[in-house]
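Engineer: Terminal number for the sequence shown in full-length UniProt numbering: 1040, no gaps in between.
Mind having a look at this structure? Questions to follow.
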Amino acid sequence: MNTRRKKWSAIVLTCQNKASAHAFNRELELCQKKGLIDKTTLLLALEDPKARVGSGGATLNALLVVTEHLSAQAGFLTVESKVLQDADILIMHMGRNYPFSACGRAFTTLPAKYNDRSPVMLYDSLVDVFGSLLYLLTYTVCPDSPSGVWVCSTDQMLSVLPDTVIDWSKMASDDIVLLLFECSPLYARSHGVCKLGAQGEIKDIFFRETDDKIKSCSLSNGNVPVVGSPVFFSLRAAEKLLSLHNFPPLDACTYYGLDNGASPIQLALVFDIMLSTCTDITEEDFVRGTRSTSYGKSTKTSTEQMTEEEMSQMAGARRVLWRNMRGLKPHGGVISHNTSLWQLYSGLPFLCSNITHIAPLDGSASALSPVIADSAVVLNSIVEGRVSIGENAVISHCHLEQSFTTATTIINTTINTSPPPSQPLSPPPPSTHHHRHFHGLLFNSQFSRRRQWRWRSQGKGGYSGIRRRTEGIRSEDKRCLMNARLFPIICPFGEEELSASDTLWLAGVTTSRPFTDDKLRQSEHYYRSVASSVQTVNTTIVASLKSRGDREHYYRSVSIACTSPPGIAARTLACIADVLGAMTGDKAGLRSGPAGNVTWRQSFQLLERKRIKEGVAALAAERTKWIDRPDLLIRAARHYEGAEQILRKHAVMSTQQFIEISMTDLPPMGHWVIAEAPVRIDLSGGWSDTPPIAYEHGGSVTNVAIKLNGEKPIQVQIKRIPEPEIVLVINAGDHSTRVVCKKLEDMADYSQPHAPGALGKACFFATNLLTIPSTQSLANQLKERYQGGFEIHSRADVPYGSGLGTSSILAGAFLGALLRAAGRTAGVNSLIHSVMIVEQMLTCGGGWQDNVGGLVSGFKCARSRPSLPMEVTFDVLRVPDSVIDELNRCLVFVYTGKTRLAKNLLQGVVRNWYSRQSEIVQVVHDLVENSEKCAKALERGDLEDLGKCVYNYREQKKIIAPGTEPDVIKDMMELIAPYAYGQCLTGAGGGGFMYIIAKSPTMAGSIKDMLKTKKPSDDMVIYDVSIDNEGLIVRVEPGS
C-alpha cells in the first residue's frame, strides 16, 4: 500500500442545487465512515449561490465558506485567513447533472471495485469517479505539495500512473500550479492549451485555437500541454482569492453577494482567474474578455450573447481580478498522459472485470452469459453470469452476477448481487423472483418469502457468518413498501456499537436512541447491518417534529413582543436569531454574514413599512424553508438579524429632525460642483457610536481628519446636463464604472450596498431630491425640478477596506455636492445626520464617527446621548499648533497590505450588546471614558498620555471585536512598540491602515526603516500623512 498521502483538512464539493448538496453530503459522510476520508476532515457540500456562476465563481464561494468554517473551529468570530496557513483544502466541482444518476458524474459508479490493496478494508464496494479522483489526488498527485488549496473538476477522470512523482522543489516559489497533460496537437484542438516558458511558467492559455497557434505551444517531443483539471493555489494565492469576496462585482460569485442582493456573474477558473496571472496577456486584452467563457458569441467558448450591461459588469470584474491577482506566479506541471482505461486502473487498488461502460451489452446464447434485451440500457455496471435484463430496463451502477432477472420497464441502481467467494448463493426456486429493486416504473415484483441474506466482511475481501435473516418479517397481509426494510445502513468501521443516528441517516434525523435495547441487541444478530423501512423513519421524524414544535411555540410566544416599539421589537428579533443560531450547533461556520437574499424580501418590505406584525409572520413563514440544514439555519439567523436592523433603522431615522436644508440658486448648466474631503483616524471611542449602543448607552469618539500624501483623497464632481437622466461614474484607480439611470427602476437597487452606484442613488432619495415609488417618471421628475439630469463622478483614492471611514465620508461629500448642484445648501451638522440616513437606507447600519471625522476639520470629540431621537454633537478640540506640528512629524501611517476580511463585525458587536454580556457592557463604558480622556490629553498637548489612550483603545477594540488583529500585524507592532507612544489599526481592524505615534521624529524615521525591512505584506505602503484643517469643502467651477 502507498504510504505517501495527503491528509486533507477539508473537502468541499460544489453543485448546482440544494437537493444535490443533500445527496453529496451523504456520500461524503459515507466515504468518511468507510475510511476513505480521515475522521478529522471537515466535509462540506455546497450548492452554488446561483445557477451558472462558473467554475471560478464556485471556487470563490467554496473557499469563502470553508474558511468561515475553519475560522469558527479555531474560535474566530470573523473570516480569518491565518487558518489557511497549515490547511490542505480540496475543492471538487460536481458540474452538470447526469442522466440516470441522482449524484451526478462524481458518484457515477465505474466498472471496478476495491481490491485487497485498498488503503482501508472495505466491504464489497464499487469504485466511483469521486473515489478514483480522491485516491489519485491523495496518494499520487498531492502528497508532497505544500499547504494550500487544490481545485479539481469531477467531469473527467485523471489518468495518472500511481508511481508518478511530482517534484515540488522546482515549483516552491510558484503561487499557482496547473497540472497539464501531454497530448497530440490533433486532440488539443478541442481543449485548452498552455504556452509555457523556459522554466515552466505559464505565459498564455488558449482554447480551441488554430493549428498554428496550438503548434506554437509544442513541447520538445511535439506534444502540447493540455489543460487538466487539478489546480493548486499556494497560501499567498489562496489569500488573494479569499479577499476577492470583498470587492464588487466579484462578491456576486459568492453567497455573500447573493445575500446582499447582488446579481450573480459567471466566472471561469482557468479563463478568467488564471488567465489574469499569465505573463503574455495584456490588461486591455484580459479586460476585454476575448478568450473568457463569460463573454458570449464574441468568444470561442460560449454560445450566449451577453447584454451591454452584463458586458460592462464583467469588464469591471476583470479589472478587479487584474488588480488583485496580477503578480502571482503561475506554473504548468506537465504529466505524461495516457488515455487507456486499463492504464487508469493499473497499479491502483481497484479490480476490473467484465467491464460494461456506458453501453448496453449484446445478448449471448451462452447459458452463463448475460441476456440483455435490445431496448435495455446498462450504464457503468458489471454484468456477468446468468443475468437476464428485460425490455426497456435501465441498469445503472450495479454489479450483477449469478441468477438475477429484472422486470420490464424498470430502473435498478446501485445493486450488488455478488455473493461471498467462498459460499456462492444458490439460485432461488423457479416459482419466485429474486429481485432487489430500489424503485421502478412498473413495480410488478415480489420479495422472496424465505431468503434475505446479509454478509459480514472478514478481512481482505473474505466473508463469514452468512445467516438467513427471518427475524422481524411481518405476516403476509402486512407486507408492503411502507414496512419493507429496503434501506441497509452499514455501521461505520472501527465502531463497536451501532449508533441510532447512523440507522436514521436516510431521513437526516439525529436524535436520542429511537430503538429499544432489545432491538439494539437484535441488531448485533444482524451482523452490524440494519435495514430501515420508510415506516420506521417516519415514526422517528414525528418524534423529532414534536421537539421542533416546542421551538415553534417559543417563536410564536416571542413574536408577540414584536408589537412593541421598534427598539424593543428589534431586540426581540435578535433573540429569535440567537435561537436559530444555537440550533446549528458547531456545524454552520461563522454566525455573522449578509442578510439580503431575495426570498426574504417580502417580509423585509413589510417591516420597512412599519407593518411589524405582518412582517414577523412573513419571517416565520420563510423561516420554515431554511431549517433543514445547519448552513441554511445560520443564514436564516442572519436574516432575522437583518430584520432586526430594519427596526433599528426606524429608531435611527428619528435623526431626520436635526437636518435642515435650505434653497439656493441652481448652478449654471455644465458647471462642476466639486466636493473634497479628508479621511479620518479614530483615536479612541470607536464602536460606542454604533446604534443601538449610541442611543441606549450613549457614545463618545475622538478622531482627527487627515490628508494622504498632501491631498484630500475623497472627491465628488457633479454637473447638470440637459438629458433627463442620471449618469454615475465610479472611479477606482485607473478604472471606472459607468451607470446610466433613465428610469426609476434603474434606481430601485439603492438599498443594496454592493449594487453599482447604490451610494449615489441613495443620496437622491435620502434628501428627497427624487421620489420613489412615484407615479411620475424619473425623466419627468428631473425635468420638472432641475430642468435636466446630472452627471456625477466620484473617487476615493484609498485601498478597499482601509478602515478610514471612506464610505461614510464619501457619502458626506456626495451629499454636499449633490445638494449644491440641485440648488440646495446644508450645514455640516445636517450633513452628518444626513449621512446616517443614507447608511440606514443602504442597510449598512454603521455609526456616526466617520461622518464627523471626515466632514469636520482637525481634532474633535463627538458625542450622542442615551436617548431617541439620536442627535450627534461635536466639539472641535483646541490643540496647540506646536503639538499639531509635532504630530505631523511623528505620525507614521502605513497601509499594511492585509485586506480587511473582518466583514459583518457590526453584527457580532450588536448581538453581544443585545445579550448584555457584562464584559461588553463594561468595555462600552470604558470606550466612552477613554475617549474623553483622549480629548483632554490632546488639548493639554500631552503626546505620551495620548499614546496611552491609543493603547487602551487598541485593547478595548480587541475585547469588543475579538480576532481583528492579525498575527503578522501584531508581531510588527511588538517590534515597533519601544519606539512609539501608541499604535493601533484604524477602524474595525482586521487589516487596512495602521497609525503609529512615534516618540520623536527620529524614531519615526527608524520605524519607517523597520517597516520597509520587516514588511507584513508585499503590498505594504507607507503614506505621508498630515492633519487636515479644512474638512469638507464644496466649490463651483466652470465646465471645461
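Cβ coordinates follow ideal geometry from the N, Cα and C atoms, glycine included.
All of these numbers come straight from a predicted model, not from anything done at the bench.
1) Since H833 contacts D251 with CB under 8 Å, what's their CB separation in whole angstroms?
2) What does a CB cutoff of less than 7 Å around V83 pick up in its chain, not counting 5 residues either side in sequence?
3) Looking at C-alpha atoms only, which residue of L219, C844, N246 and L1032 is the closest neighbour of V679?
4) State the CB to CB distance for the pair I627 and A636, rounded to an integer number of angstroms; the pair is presumed to be in contact (CB under 8 Å).
5) Tell me whether the beta-carbon of A651 lies closer than 8 Å to the beta-carbon of P692.
6) Let me know if T290 comes out buried or exposed under the rule of 16 or more other beta-carbons within 10 Å of its beta-carbon.
7) Would you list the one or two residues that DSSP bridges to D88?
8) Please look up how many angstroms separate the CB atoms of V287 and A262, rounded, as I've assumed it's under 8 Å.
9) Is the beta carbon of T584 closer than 8 Å to that of L619?
10) From the DSSP secondary-structure annotation, give me the bridge partner or partners of A675.
11) Does the region 788 to 797 come into contact with the region 967 to 979, if we say contact requires no fewer than three beta-carbon pairs (one atom in each stretch) closer than 8 Å?
12) Return the first residue and the last residue of the alpha helix (DSSP H) that S216 is part of.
13) Just to confirm, is the Cβ distance from V856 to V828 under 8 Å?
14) Where A732 and E676 are concerned, what is the direct C-alpha to C-alpha distance, given to the nearest angstrom?
15) In terms of residues, what are the limits of the alpha helix (DSSP H) holding P330?
16) Can you give me the C-alpha to C-alpha distance between V542 and A621, rounded to a whole angstrom?
17) Among residues of its own chain, excluding the 5 on either side of S1026, which ones have a beta-carbon nearer than 6 Å to its beta-carbon?
18) Determine the DSSP secondary structure at S9, reduced to helix, strand or coil.
19) Have a look at S9 and V270 and give me their C-alpha separation to the nearest angstrom.
20) In the structure shown, what three-state DSSP assignment does N780 receive?
21) Flag this pair as touching only if the region 742 to 750 and the region 773 to 790 have three or more C-beta atom pairs under 8 Å; answer yes or no.
22) With H, G and I counted as helix, E and B as strand and the rest as coil, what does DSSP make of N703?
23) Applying the 10 Å Cβ sphere with the 16-neighbour rule, what's the burial state of A19?
24) Here's the rule I'm using: 16 or more other beta-carbon atoms within 10 Å means buried, otherwise exposed. How should R1035 be labelled?
25) Among A23, L400, I395 and S396, which has the Cα closest to the Cα of residue 1052?
26) Measuring only the C-alpha atoms, how far is G897 from L804?
27) For S366 and F130, what's the separation of their Cα atoms in angstroms?
28) To the nearest angstrom, how far is it from the Cα of I37 to the Cα of A961?
29) Use the C-beta contact count for G494: other C-beta atoms within 10 angstroms, 16 or more gives buried, fewer gives exposed.
30) Could you name the residues that DSSP lists as bridge partners for N731?
31) Whole angstroms are fine: how far does the CA of P330 sit from the CA of I202?
32) Between the Cα of L178 and those of V193, L186 and T164, spot the shortest distance and give me the residue it belongs to.
33) Per DSSP, which residues does H93 bridge with? Please list them.
34) DSSP three-state call for I996: helix, strand or coil?
35) Tell me where the alpha helix (DSSP H) around V287 begins and ends.
36) What residue does the beta strand (DSSP E) around C183 start on, and which one ends it?
Structural biologist: On the basis of the coordinates in this document:
1) About 29 Å separates the two Cβ atoms, so there is no contact after all.
2) T67, L70, S71 and A74
3) L1032
4) 7 Å
5) yes
6) exposed
7) G148
8) No, V287 and A262 are not in contact; Cβ-Cβ is about 20 Å, not under 8 Å.
9) no
10) V716 and V1034
11) no
12) From DSSP, S216 is part of no alpha helix (DSSP H); its letter is neither H nor E.
13) yes
14) 16 Å
15) Unbroken run through P330 is the beta strand (DSSP E), P330 to I335; no alpha helix (DSSP H).
16) The predicted position of V542 is uncertain, since its pLDDT is 45 and thus under 50; a value taken from the coordinates is nonetheless stated next. Their Cα atoms are separated by approximately 20 Å.
17) K707 and N888
18) coil
19) 24 Å
20) helix
21) yes
22) strand
23) exposed
24) exposed
25) The shown model of the chain, from 1 to 1040, leaves out residue 1052, and the question about it has no answer.
26) 14 Å
27) Its pLDDT being 43, under 50, S366 is placed unreliably in this model, and the value from its coordinates should be taken loosely. Approximately 35 Å between the Cα atoms of the pair.
28) 35 Å
29) Only weak support is given to the placement of G494: the predicted model assigns it a pLDDT of 36, under 50, and the value that follows is read from those uncertain coordinates. With fewer than 16 Cβ atoms within 10 Å of its Cβ, G494 is classed as exposed.
30) S736 and R795
31) 6 Å
32) V193
33) T14 and S153
34) strand
35) E283 to R288
36) I176 to C183
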